[in-house]
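Accompanying notes for the structure given below.
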Amino acid sequence: MLCSTCPSDRSTLRTAARSSTECLCRAGLAQDGETGEICVDCPGGFYCNGTGVALQCLEGATSSTRSTSLEDCLCGPGLFKNQITCDPCPQGKYKQDSGNAAFCIGQCPSNSLSKEGSRSLADCSCTEGYYAELDSEGRLSRCASCAGLTHFRCDGGFREENGTDFHILPLARAGFYQTGILTAYKCTVVAEDGLSACLGGVTCSDNDKHGESNSLEHCMEGAVGNLCAPGSTGMLCGECPVGWSRHNLQQPCLPCAGATLSMTSSIVADVSLKAMISFIVASMAATAAIRGSGKLHTSMLRMANQWVAACSVLLVFDLDGVRSLLSAGEPSQVRCHPSSITRIVEL
Numbered sequence: 001m002l003c004s005t006c007p008s009d010r011s012t013l014r015t016a017a018r019s020s021t022e023c024l025c026r027a028g029l030a031q032d033g034e035t036g037e038i039c040v041d042c043p044g045g046f047y048c049n050g051t052g053v054a055l056q057c058l059e060g061a062t063s064s065t066r067s068t069s070l071e072d073c074l075c076g077p078g079l080f081k082n083q084i085t086c087d088p089c090p091q092g093k094y095k096q097d098s099g100n101a102a103f104c105i106g107q108c109p110s111n112s113l114s115k116e117g118s119r120s121l122a123d124c125s126c127t128e129g130y131y132a133e134l135d136s137e138g139r140l141s142r143c144a145s146c147a148g149l150t151h152f153r154c155d156g157g158f159r160e161e162n163g164t165d166f167h168i169l170p171l172a173r174a175g176f177y178q179t180g181i182l183t184a185y186k187c188t189v190v191a192e193d194g195l196s197a198c199l200g201g202v203t204c205s206d207n208d209k210h211g212e213s214n215s216l217e218h219c220m221e222g223a224v225g226n227l228c229a230p231g232s233t234g235m236l237c238g239e240c241p242v243g244w245s246r247h248n249l250q251q252p253c254l255p256c257a258g259a260t261l262s263m264t265s266s267i268v269a270d271v272s273l274k275a276m277i278s279f280i281v282a283s284m285a286a287t288a289a290i291r292g293s294g295k296l297h298t299s300m301l302r303m304a305n306q307w308v309a310a311c312s313v314l315l316v317f318d319l320d321g322v323r324s325l326l327s328a329g330e331p332s333q334v335r336c337h338p339s340s341i342t343r344i345v346e347l
């Protein structure tokens, strides 16, 4: 008796088969789950070795359709093959593609880390004390040290905005006002508690909440802003908001309701002093004119009064700040200022 041939999509696993029931779906095919009468393509994530049964790949591994053996199951991105399991890449390592490599080949730059199971360089973030420098394509190039940036703090890590991770930039410390990625100026205005009105740089986004009493100023492209103390706002936190006022430029802003009496007293005292000086000078000038005196006392008093008034302007300048501006290095890594800030610096 002649041997019968199995259907084209079936075969036997041994020679000398005796029954058509030994005709099983060929490798890469599996029996239909409902009837078992037809052979269908082995689905992805499984392999079919010719037994007619679809065998599942290891957890974390996947395969293409019509896979025929366990070797066709590949550990996915972020996973490496550890003998019979697919394990996540350790911290500081990443793996972009599917494959059965025994280790994750991707390495985060120095002073940066990634979570377990990372899939790309984009998962690497700088550690505390370092900040990210990106290449022309926006990828992490290196983590630079913040040791020389005395006016800044570098928290490292990512910030999330609209479901996307961004590297946290250096942020100005309290007492400084940030105008660029690596540029900050010392604040001279104080708050009511005697401390600086500049509370430092903050990460700002539409979803951030920094407190209703504090003023969030100068958000650069939605990334970094400055937090001003209550009662202060504007550039260098040097302006008083509506309903607040100050006696002198570098003094704290106070609510108008509580400062009315003090402000009125200051105005009356200032006007009275100037009126008294003018009266004395006028009296001396009139007396000298009547007596025909040629003395220069009145002229000298007028000159001195004008000189004091002119020199008093210097009291509101921070000369240390001027020296720091003159000694600043080349702004090779400084973000271009907004036009409003550029106009102020050029004045």
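If you read the sequence shown in full-length UniProt numbering, its first letter stands for residue 1, the second for the next number, and so on.
C-beta: ideal position from N, C-alpha, C; glycine also.
So, helix, strand or coil for residue i, using DSSP?
i: L326; result: Here L326 scores only 49 on pLDDT, less than 50, and its place in the model is too uncertain to base an answer on.
i: C198; result: strand
i: R18; result: coil
i: Q306; result: helix
i: C75; result: strand
i: C311; result: helix
i: L113; result: strand
i: C219; result: strand
i: L301; result: helix
i: S69; result: coil
i: V281; result: helix
i: S98; result: coil
i: S245; result: strand
i: T5; result: coil
i: T287; result: helix
i: E34; result: coil
i: T51; result: coil
Give the DSSP bridge partners of residue i, in chain order.
i: D87; result: F80
i: G225; result: V202
i: F166; result: R159
i: S11; result: L24
i: Q56; result: F46
i: E239; result: T233
i: L29; result: D41
i: K93; result: Q107
i: F152; result: A172
i: T62; result: L74
i: V271; result: Answer is none; V271 lacks a bridge partner.
i: V189; result: According to DSSP, V189 bridges with nothing at all.
i: P252; result: For P252, which the question treats as bridged, DSSP gives no partner whatsoever.
Buried or exposed: which applies to residue i, given that a residue is buried once 16 or more other Cβ atoms fall within 10 Å of its Cβ?
i: R10; result: buried
i: S8; result: exposed
i: Q107; result: exposed
i: N226; result: buried
i: S265; result: exposed
i: W244; result: buried
i: C228; result: buried
i: A132; result: buried
i: C256; result: exposed
i: V242; result: exposed
i: R18; result: exposed
i: S145; result: exposed
i: L134; result: exposed
i: T287; result: exposed
i: G329; result: For G329, the predicted structure reports a pLDDT of 46, less than 50, and the residue's modelled location is therefore unreliable. The matter cannot be settled from this model.
i: F176; result: buried
i: A54; result: buried
i: T233; result: buried
i: T183; result: buried
i: S196; result: buried
Grab the span of the beta strand (DSSP E) containing residue i for me, first residue to last.
i: D41; result: C39 to D41
i: T179; result: F176 to G180
i: A144; result: L140 to S145
i: A122; result: From DSSP, A122 is part of no beta strand (DSSP E); its letter is neither H nor E.
i: E133; result: Y130 to L134
i: T183; result: T183 to K186
I'd like to confirm something about residue i: is its beta-carbon nearer than 7 angstroms to some heavy atom of the ligand NAP, or not?
i: L24; result: For the ligand NAP, the structure offers nothing, since it holds no ligand at all.
**Asked** With a cut-off of 8 angstroms, do at least 3 Cβ pairs link the region 174-191 to the region 248-256?
**Response** Contact between the region 174-191 and the region 248-256 is present, because at least three Cβ pairs lie under 8 angstroms.
**Message:** Closer than 8 angstroms is the cut-off here; do at least three beta carbon pairs connect the region 103-113 with the region 122-133?
**Reply:** Enough Cβ pairs lie closer than 8 angstroms, so yes.
**Prompt:** Is the region 265-282 close to the region 300-315, with three or more CB pairs under 8 angstroms?
**Reply:** Three or more beta-carbon pairs drawn from the region 265-282 and the region 300-315 are found closer than 8 angstroms, and the two stretches are therefore classed as touching.
**Request:** May I ask you to verify whether the region 60-77 touches the region 41-52, counting CB pairs closer than 8 angstroms and requiring at least 3?
**Result:** Enough Cβ pairs lie closer than 8 angstroms, so yes.
**Request:** Indicate whether the contact test is met: 3 or more Cβ pairs, each with one atom in the region 45-56 and one in the region 13-32, closer than 8 angstroms.
**Result:** Touching, per the Cβ criterion.
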